[in-house]
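To start, the structure itself, in structure tokens.
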Amino acid sequence: MTIIIRTDTKEPIQQQVYEQIKAQIFNRNLKPGSLIPSIRTLASELQISVITVKNAYDLLQKEGLIYSFPAKGFYISDLSDEEIEKRKLFMLMQATEEMIQNLEPYGIKREDVIQFLHTQEH
Numbered sequence: 779m780t781i782i783i784r785t786d787t788k789e790p791i792q793q794q795v796y797e798q799i800k801a802q803i804f805n806r807n808l809k810p811g812s813l814i815p816s817i818r819t820l821a822s823e824l825q826i827s828v829i830t831v832k833n834a835y836d837l838l839q840k841e842g843l844i845y846s847f848p849a850k851g852f853y854i855s856d857l858s859d860e861e862i863e864k865r866k867l868f869m870l871m872q873a874t875e876e877m878i879q880n881l882e883p884y885g886i887k888r889e890d891v892i893q894f895l896h897t898q899e900h
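Right under this line is the structure:
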């Protein structure tokens, strides 16, 4: 599992860890059922707080992306390809809606965004 902590961003480290693990699960770089590093091990490897890793793992567990066996560790959940695709689509919908809302104060309408995206296909 590869995680790169960026210090040149305002994104909290916890969020960076969470997002990078989530991306590796969605891209199937982390296989269902595979063991991931313990909280302490990952914190040590990344030279960050144990609490930071714990919070990231808690978010991943809450979303059903990982699960734990007490005294054994954390494992990648067995999500179907269909479930992964549904989650990706939901993320795309959220990001698109956020982008549209951020552009509205500048007079850029939803239709303008849609038209722009269609012209970028080619």
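Note that my numbering has the sequence shown beginning at 779, numbered continuously upward. Note that CB positions come from ideal geometry on N, CA and C, so glycine has one too. These numbers come from a predicted model, not from an experiment.
Using C-beta distances below 7 Å, list every residue in its chain close to residue i, excluding the 5 sequence neighbours before and after it, in chain order.
| i | result |
| --- | --- |
| arginine 888 | Ile878 |
| serine 855 | Pro810, Gly842, Leu843, Ile844, Tyr845 |
| glutamine 794 | Ile783, Arg784 |
| isoleucine 803 | Leu843, Ile854 |
| serine 827 | Ala821 |
Does residue i pass the burial test, meaning 16 or more other C-beta atoms within 10 Å, or should it be called exposed?
| i | result |
| --- | --- |
| phenylalanine 868 | exposed |
| leucine 870 | exposed |
| tyrosine 884 | exposed |
| alanine 801 | exposed |
Is it the case that the Cβ atoms of residue i and residue j are separated by a distance below 9 Å?
| i | j | result |
| --- | --- | --- |
| isoleucine 799 | leucine 813 | no |
| isoleucine 817 | lysine 840 | no |
Near residue i, which residues of its chain fall below 6 Å by C-beta distance, leaving aside the five closest residues on each side in sequence?
| i | result |
| --- | --- |
| isoleucine 829 | none |
| alanine 834 | Gln792, Val795, Tyr796 |
Could you check where the alpha helix (DSSP H) with residue i kicks off and where it finishes?
| i | result |
| --- | --- |
| isoleucine 803 | 791-804 |
| threonine 785 | That residue, threonine 785, is in no alpha helix (DSSP H); it is neither H nor E in DSSP. |
| leucine 808 | Segment: none, leucine 808 is in no alpha helix (DSSP H) and carries neither H nor E. |
Write down every uninterrupted run of the alpha helix (DSSP H) in the stretch 827-867 whose length is 4 residues or greater and which is fully enclosed by it, in chain order. Fully enclosed alpha helix (DSSP H) runs of no fewer than 4 residues occupy 828-840 of the stretch 827-867, in order along the chain.
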